[in-house]
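Residue numbers for the sequence shown follow my numbering, beginning at 36 and rising by one.
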Amino acid sequence: MNEKMKYVQKNAPCYLYEEKLIKERCRALLDAMPEADFLYSVKANPFAPVLKTVAAQGFGADAASANEVLLAQRAGIPDEKIYYSAPGKTSRDIQKAWGKCTIIADSLSELDRLERCAAAKNERIAVGVRVNPNFSMGGAAAVPGKFGIDEEQLITANLCFQHLKITGIHVHLCSQILDADMLCEYYRSCYLLAERMNKLNGVEIRFINFGSGIGTVYDSAAEKPLALEKLGQALRELRAKNKGGLQARFILETGRFVVCSAGTYYTRIVDRKISCGKTYLVVQNAMNGFFRPAVAELLRQNVGKFPSSGQEPLYTCGGQSEFRIPGRDGNYETVDIVGNLCTALDVMARDITLPHADIGDILAVSNAGSYGCTLTPLSFSGQEQPKEFLWTEGE
Ligand SMILES: *Cc1c(COP(=O)(O)O)cnc(C)c1O
């Protein structure tokens with residue numbers, strides 16, 4: 036057994052995030068798209084050692100709450116690289132984040148609130164606005180949504196404030212896109228949007244935050260990795276246009292791309308049983324350890340198959356995680372993996388083929404680095420909660 040598996044044997048149920056893999060994923064983005072500044076979407080995995088690892092690669096932070104702004108600060112990310120974008124910020128949220136980041140206003144009323152705050156403090160601040168643009172991913176027209184301000188409304192709104200200057204836009208329409216051409220087209224549309232916004236009184240575009248969309252492979256049998264070099268090419272072209280035009284900073288956000296595949300959830304098989312001819316492996320902390328597999332099975336149960344469209348960030352696709360029994364090979368059997376909660380919904384996988392496993396063996400579940408631990412109902416039923424670790428080489 037190698038060092039890592041010894042560690043897992045001792046600590047399961049646990050999440051293990053591999054530093055080396057996180058660094059490689061960051062590097063892949065930085066190398067392919069030197070034109071952009073990257074922000075890490077903290078909500079994908081806010082575990083402090085993970086955040087520090089990503090920050091050390093030069094990433095800023097996309098914070099979805101005031102607390103995430105503070106987490107990013109604590110991870111050593113400088114204020115000017117922290118952007119706070121979320122709908123429904125309370126006055127308390129705004130006070131908490133004030134002076135520690137660039138706030139992205141999500142509505143016209145939030146702009147008014149920010150103006151009043153800045154006036155009360157006698158400060159002049161730069162803010163961004165999240166825009167719900169006149170286009171959608173894939174090219175269709177605008178769709179209603181709870182995020183941002185409709186482009187149409189921005190055009191007619193009064194954006195001249197005494198204490199605020201709108202210096203950037205933020206757009207984010209969807210996650211987990213593996214079609215590079217679609218993303219390139221979207222980036223071009225965002226740039227044109229920034230040009231339109233720059234013409235409005237009160238707006239002077241200095242940054243364009245294109246949001247996320249950068250997808251990662253969950254099911255390597257069915258998906259092809261996103262062609263990052265195509266994104267790089269599109270950004271290079273926009274950069275050239277930008278040079279003689281807006282001269283804005285380009286910002287991209289990503290959460291899952293850098294952490295999803297770097298994380299594995301390990302839990303322990305605590306019982307084996309057969310009911311009416313069906314074999315069950317009972318594990319510790321199934322749906323209350325890593326929620327996504329249970330959500331996939333819940334959807335499958337209701338729809339009759341794994342849905343083909345994602346329900347991000349709770350579900351991506353049928354093959355989103357791989358299940359393994361480390362150290363076991365051969366002697367295959369078909370099993371259901373269920374948890375130790377007193378609910379029948381507590382299922383990790385139905386009818387999957389695995390090598391024969393015994394009580395005490397470890398179950399490894401892949402792609403647990405993003406939307407894993409924090410998106411799981413950990414305190415349900417009062418069970419011991421899985422721990423999280425950053426695994427560094429030579430540990
Ligand atoms: C959650 C979120 C992201 C990160 O999405 P990933 O698919 O994990 O890369 C980026 N931007 C915004 C605005 C988000 O809400």
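Yeah, the Cβ is synthetic: ideal placement off N, Cα and C, and Gly gets one too.
Here the stretch 206 to 220 lies against the stretch 245 to 257, with 3 or more beta-carbon pairs under 8 Å apart. The beta-carbon distance between Ile240 and Gly279, rounded to whole angstroms, is 14 Å. This is too long to meet the 8 Å contact definition.
Secondary structure note for Asn277: its alpha helix (DSSP H) is the uninterrupted segment 263 to 278.
Residue pairing of Ile387 in beta bridges, as defined by DSSP: Val370. Residue burial annotation: Phe196 is buried, with at least 16 other C-beta atoms found within 10 angstroms of its C-beta. The secondary-structure analysis by DSSP pairs Lys200 across a beta bridge with Ala161. By the Cβ criterion, the stretch 102 to 122 is in contact with the stretch 130 to 137, since at least three pairs of Cβ atoms, one from each stretch, lie closer than 8 Å. Within 8 Å of the C-beta of Ser100 there is not a single heavy atom belonging to ligand 1. The bridge partners DSSP lists for Trp426 are Glu53.
Shown here, Lys131 sits in a helix according to DSSP, grouped into three states. Look at Ser247: its beta carbon is less than 8 Å from one of the heavy atoms in ligand 1. Check the Cα spacing between Thr251 and each of Arg385, Ala140, Ile397, Val293: the tightest is with Val293. Of Pro48, Glu53, Ala262, the smallest CA-CA separation from Gln420 is found for Pro48.
If you draw a straight line from the Cα of Leu333 to the Cα of Leu380, it comes to about 7 Å. The shortest CA-to-CA distance from Thr137 to any of Asn37, Asp147, Gly95 is the one to Gly95.
Leaving aside the five residues that flank Tyr42 on each side, the residues in its chain whose CB is nearer than 8 Å to its CB run, in chain order, Leu51, Phe424, Trp426, Glu430. Under the rule that a run must span 3 or more residues, the beta strand (DSSP E) segments found entirely inside the stretch 221 to 253 read 238 to 244. Counting only runs that start and end inside the stretch 95 to 130, the alpha helix (DSSP H) elements of at least 4 residues fall at 101 to 109. Within 10 angstroms of the beta-carbon of Ile397 lie 16 or more other beta-carbons, which makes it buried.
Between ligand 1 and Thr289, a heavy atom-to-CB distance of less than 8 Å is present.
The closest heavy atom of ligand 1 lies 8 Å or more from the beta carbon of Pro81. Here Ile304 is actually not in contact with Ile201; their C-beta atoms are around 55 Å apart, not less than 8 Å. Relative to the Cα of Asp254, the nearest Cα in the group Gln355, Val330, Ala154 belongs to Gln355. For Tyr42, the enclosing alpha helix (DSSP H) starts and ends at 38 to 46.
Collapsing the DSSP output to three states places Ile138 in a strand. Pro113 has its alpha-carbon roughly 35 Å from the corresponding atom of Thr191.
Look at Tyr253: its beta carbon is at least 8 Å from all of the heavy atoms in ligand 1.
DSSP links Val382 through a beta bridge to Val373. Ile397: member of the beta strand (DSSP E) spanning 397 to 400, first to last residue.
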